[in-house]
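**Q**
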Amino acid sequence: MSDTLVARLRTALAAEHAAVYVLAALSTRTSPGALADALRASYDFHRAARDALAERLAALGDIAPPGAAPAYDLPAGLGTSAGVSAAALALEQASAVGYGDLVAATTGSDRTRSIGWLSATAVRQLGFGGKPSDLPGIV
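Read in numbering that gives the first Met the number 0, the sequence shown has 69 at position 70, and its numbers run on one by one without any break.
#1: Compare the beta carbon distance of residue 129 and residue 92 with 8 Å and say whether it is the shorter of the two.
#2: Beta-carbon within less than 7 Å of residue 117's beta-carbon, same chain only, minus the 5 sequence neighbours each way: which residues are those?
#3: Enumerate in chain order the residues of its own chain whose CB-to-CB distance from residue 89 is below 8 Å, with the five nearest sequence positions on each side excluded.
#4: Is there contact between the region 37 to 45 and the region 7 to 27, where contact requires at least three CB pairs shorter than 8 Å?
#5: Answer with buried or exposed for residue 113, where buried requires no fewer than 16 other C-beta atoms within 10 angstroms of its C-beta.
#6: Tell me, to the nearest whole angstrom, how far the beta carbon of residue 123 is from that of residue 41; I am working on the premise that it is less than 8 Å.
#7: Express the C-alpha separation of residue 1 and residue 87 in angstroms, rounding to a whole number.
#8: Suppose the cutoff is 7 Å on Cβ atoms and the five residues either side in sequence are ignored; what does the same chain contact list for residue 18 look like?
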């Protein structure tokens, strides 16, 4: 087990805990429709990624992966649909950077999964008003 791999996976898990919390909060600030559907899909994705990361860390022998914090700071400007979309886009952009780090730090099935997550978050960004990028996750 590589200490670097475990550290990167732990960082990604902590980010997923925050993403799940923030997306749940964003979902309460919108009416049913396309934005609510996109937020729900993003929430479901990040929840599954969180669970997969926790399972992978356990398989690597990490007996104390990071748990969720009791609460996370919410972005400002959530009084409008545009503000909620902007917050979701920023979250997905940050996720892409994190997944890009995982792609760089992993091999084999870990890399394949990280590439899938990076691709999926790049597509979700479009639903929140993001622009296509040749190299998602690269800042």
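Ideal placement from N, C-alpha and C gives every residue a C-beta, glycine not left out.
**A** Let me lay it out:
#1: Yes, the pair counts as a contact, with Cβ atoms nearer than the cut-off.
#2: In its chain, beyond the 5 residues on either side, 95, 98, 99, 102, 135, 136 have a beta carbon closer than 7 Å to the beta carbon of residue 117.
#3: 74, listed in sequence order.
#4: Touching, per the Cβ criterion.
#5: With 16 or more other CB atoms across the displayed protein chains lying within 10 angstroms of its CB, residue 113 is buried.
#6: Rounded to whole angstroms, the Cβ separation of residue 123 and residue 41 is 5 Å, and the two are in contact under 8 Å.
#7: For the pair residue 87 and residue 1, the Cα-to-Cα distance works out to about 32 Å.
#8: 45, 90, 94.
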